[in-house]
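J.: Heads up, the sequence shown is in the numbering used here, so the first residue is 293 and it goes up one at a time.
Ideal Cβ positions, reconstructed from N, Cα and C, are used throughout, including at glycine.
Structure provided below as structure tokens; questions to follow.
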Amino acid sequence: MTIIHPTPQQLEWQNRGIGVFVHFGLNTYFGKEWSNGTLPASAFNPVDFDAAEWVRSILSWGANYVVVTAKHHDGFCLWQTDTTDYSVANSPWKDGRGDIIAEVAEECHKQGLGLGLYLSPWDRNTPLYSDNKAYDDFYIAQLTELCTRYGPLMELWFDGAGSEGHEYNWPRIMSVIDEHQPHAMVFNMGKPTIRWAGNENGLAEDPVEYVVNHTKMSNYTVVLSEFAENLYLPPECNVSIRRGWFWHPDDAPKTLEHLLGVYYRSVGLGCNLLINLPPMQNGQFDPADTQRMDEWRAELDRRFAHPLVATVTVQESLPGDAPGTTRWVARFPEEVLIDHLRLAESLEQGQRIAEHRVYANSALLCAGGSVGVSRLQVFERQKLRELSIVTAGESPQLVSVEGFLTGHSELPSIPEDYQAPTDYPVD
Ligand code: FUL
């Protein structure tokens, strides 16, 4: 069986781990999640918007990229576009001369944050949407502006919502990216290089497979995109810090425990996590959200900033081991007291580990499926010097085993009934 390898850009993206999603636009000013392209551009006026502050905050939470809604389903553009009047150019903000994407891009490049852009395929403002060919031209012109005016992009986010039944000329659309931003990750549509984890709760399930032959299109249908062949498509888990993707005055951030649970079930299972913070009408993040993100980062640092690093060596297999079994020993320099492990496998030659079991003091300590770019395990605290690890999978390379003493032996809990809204939001 050939094992599909990632590109260096996919690996680089996977190593970025956490990104911040920013849903901002006219919806912000009307308490809406979706709108139909008729809200007046004159409402957009983020008087205290400060791109430097957004980027500084995002970096301080340990995120390594941002994805901004350059255009949501309503068609309103946050940049100075030549394609439509429905944009910041017709808002009072900076007398119509402001450009959110330009300012964020400049700060990202200055401060060293990866820049991603969300450009909704579904557009409820332009009358061209009902004419597939004319809309392709329009959409390609928008994508070309975004791909040529704002420096290197790390990710382009294509949201399947609302596009059910619409035919896009994806080969033409993708050629814009091939030509101008060949290193950008393409999320979930067209010729994707990364995929949606399949829910808006930010949660993955073990095993997390990086090689798949399909991906789910959107929260609002059960439609799958099927590919002719297997593709290396690492998943991105997305979730909003609050219930809504856009800011609403009566919404509130999730609890710290819930957000820690999301971390374990995304990053802790080898996925990227894209966590949404919706700016308020003045253009700033809500202090309730930034405070929660500060707490989240501080708790993650308290748990994981000081790893106890083991040396990993491969062992002889034993008679009777099933094909594909590899045995490892992970040795700490001295006896350690730990309640978490973080494992990682090398992915250059593709994802290989399908299952793993970890033994300490001759008893099973923890076990699971995939390992990937990072895999957290939680258990009752144990004193140990050495771990025996058994993996299943063709020629894997377990490259890192780290221990932590966090004071917690259980996964942080996610409210059982929590479900991101899946009804079509009312507009
Ligand atoms: C969904 C959209 O419909 C929501 O408004 C939001 O943008 C979310 C990230 O994706 O499919």
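Pull up the DSSP beta-bridge partners for lysine 508, would you.
T.: Partner(s): Leu516.
J.: Since serine 327 and aspartate 366 are thought to touch, with beta carbons under 8 Å apart, how far apart are those beta carbons, to the nearest angstrom?
T.: Confirmed, about 4 Å.
J.: By Cβ distance below 8 Å, which residues in the same chain neighbour leucine 331 in space, the five residues on each side in sequence not counted?
T.: The answer, listed in chain order, is Leu318, Asn319, Tyr321, Phe322, Lys324, Asp366, Phe368.
J.: Measuring only the C-alpha atoms, how far is phenylalanine 238 from alanine 343?
T.: There is simply no residue 238 to check, as the chain begins at 293 and stops at 719 in what is shown.
J.: Report the rounded CA-to-CA distance for aspartate 377 versus cysteine 439, giving the unit in angstroms.
T.: Near 20 Å, if we compare the C-alpha coordinates of cysteine 439 and aspartate 377.
J.: Verify whether the separation of the beta carbon atoms of threonine 683 and tryptophan 620 is less than 9 Å.
T.: It is a contact, given that the beta carbons lie within the stated cut-off.
J.: Could you check what DSSP says for arginine 535 in three-state terms: helix, strand or coil?
T.: Arginine 535: coil per DSSP, three-state reduction.
J.: Please look up how many angstroms separate the CB atoms of leucine 697 and arginine 667, rounded, as I've assumed it's under 8 Å.
T.: So it is not a contact: roughly 18 Å between Cβ atoms.
J.: Quick check: is any heavy atom of the ligand FUL less than 8 Å from the C-beta of tryptophan 326?
T.: Flag set: Cβ of tryptophan 326 near the ligand FUL.
J.: Going by beta-carbon coordinates alone, are threonine 618 and glycine 553 separated by less than 9 Å?
T.: Going by C-beta atoms, threonine 618 is not nearer than 9 Å to glycine 553.
J.: How is isoleucine 486 classed by DSSP in three states: helix, strand or coil?
T.: Here isoleucine 486 sits in strand by DSSP.
J.: When you compare the CB positions of glutamine 473 and lysine 363, do they come within less than 9 Å of one another, or not?
T.: Cβ atoms of glutamine 473 and lysine 363: not closer than 9 Å.
J.: Would you list, in sequence order, the uninterrupted alpha helix (DSSP H) runs of no fewer than 4 residues that lie entirely inside the region 415 to 471?
T.: If we require 4 residues or more, the alpha helix (DSSP H) runs fully inside the region 415 to 471 come out as 424 to 441.
J.: Relative to the alpha-carbon of phenylalanine 628, which residue among Asp451, Glu694, Tyr431 has its alpha-carbon at the smallest distance?
T.: Residue identity check: residue 628 is valine in the sequence provided, not phenylalanine. Nearest C-alpha to valine 628: Glu694.
J.: DSSP on tryptophan 353, reduced to helix/strand/coil?
T.: Here tryptophan 353 sits in coil by DSSP.
J.: Do you know how far the Cα of tyrosine 410 is from the Cα of valine 360?
T.: Rounded to the nearest angstrom, the two C-alpha atoms are 6 Å apart.
J.: Compare the C-alpha of arginine 595 against each of Gly699, Lys483, Ile465, Lys402 and name the closest.
T.: Of the listed residues, the one whose Cα sits closest to arginine 595 is Gly699.
J.: In terms of alpha-carbon separation, which member of Val358, His632, Lys546 lies closest to valine 347?
T.: Answer by Cα proximity: Val358.
J.: Start and end of the beta strand (DSSP E) containing cysteine 563?
T.: Careful: cysteine 563 lies outside any beta strand (DSSP E) and carries neither H nor E.
J.: Candidates Tyr524, Pro707, Cys529: which alpha carbon is nearest lysine 546's?
T.: With distances taken between Cα atoms, lysine 546 lies closest to Pro707.
J.: Given this structure, state the Cα-to-Cα distance separating phenylalanine 313 from leucine 566, to the nearest angstrom.
T.: When rounded, the distance between both Cα atoms is 6 Å.
J.: Checking contacts by CB at 9 Å: is isoleucine 296 closer than that to chain B?
T.: No chain B is part of this structure, which consists of one protein chain only.
J.: Taking glutamate 758 as part of the beta strand (DSSP E), name the residues at either end of that continuous run.
T.: Missing from the structure shown is residue 758; the chain here goes from 293 to 719 and no further.
J.: Considering threonine 582, what are the terminal residues of the alpha helix (DSSP H) in which it resides?
T.: Element bounds for threonine 582: 579 to 596.
J.: Could you check whether the Cβ of tyrosine 651 sits closer than 8 Å to any heavy atom belonging to the ligand FUL?
T.: Not under cutoff, so the answer is no.
J.: First and last residue of the alpha helix (DSSP H) that includes leucine 548?
T.: Counting along the chain, the alpha helix (DSSP H) containing leucine 548 begins and ends at 548 to 557.
J.: Can you name, in chain order, every residue of its own chain whose Cβ lies under 6 Å from the Cβ of leucine 679, other than the five neighbours on each side?
T.: These residues qualify, in order along the chain: Ala622, Val650, Ala652.
J.: Out of Trp488, Glu395, Glu492, Gln583, which one is the CA nearest neighbour of tyrosine 502?
T.: Looking at the Cα atoms, Trp488 is the closest of the given residues.
J.: Quick check on DSSP: helix, strand or coil for arginine 389?
T.: Three-state DSSP puts arginine 389 in coil, outside helix and strand.
J.: Would you say the region 491 to 506 touches the region 460 to 469, given that touching needs at least three Cβ pairs under 8 Å?
T.: With a cut-off of 8 Å, the region 460 to 469 and the region 491 to 506 do not count as touching, because too few Cβ pairs lie within range.
J.: Mind the definition here: the region 654 to 666 touches the region 609 to 616 only if three or more C-beta pairs lie below 8 Å; say whether that holds.
T.: With the cut-off at 8 Å, the region 654 to 666 and the region 609 to 616 do not touch.
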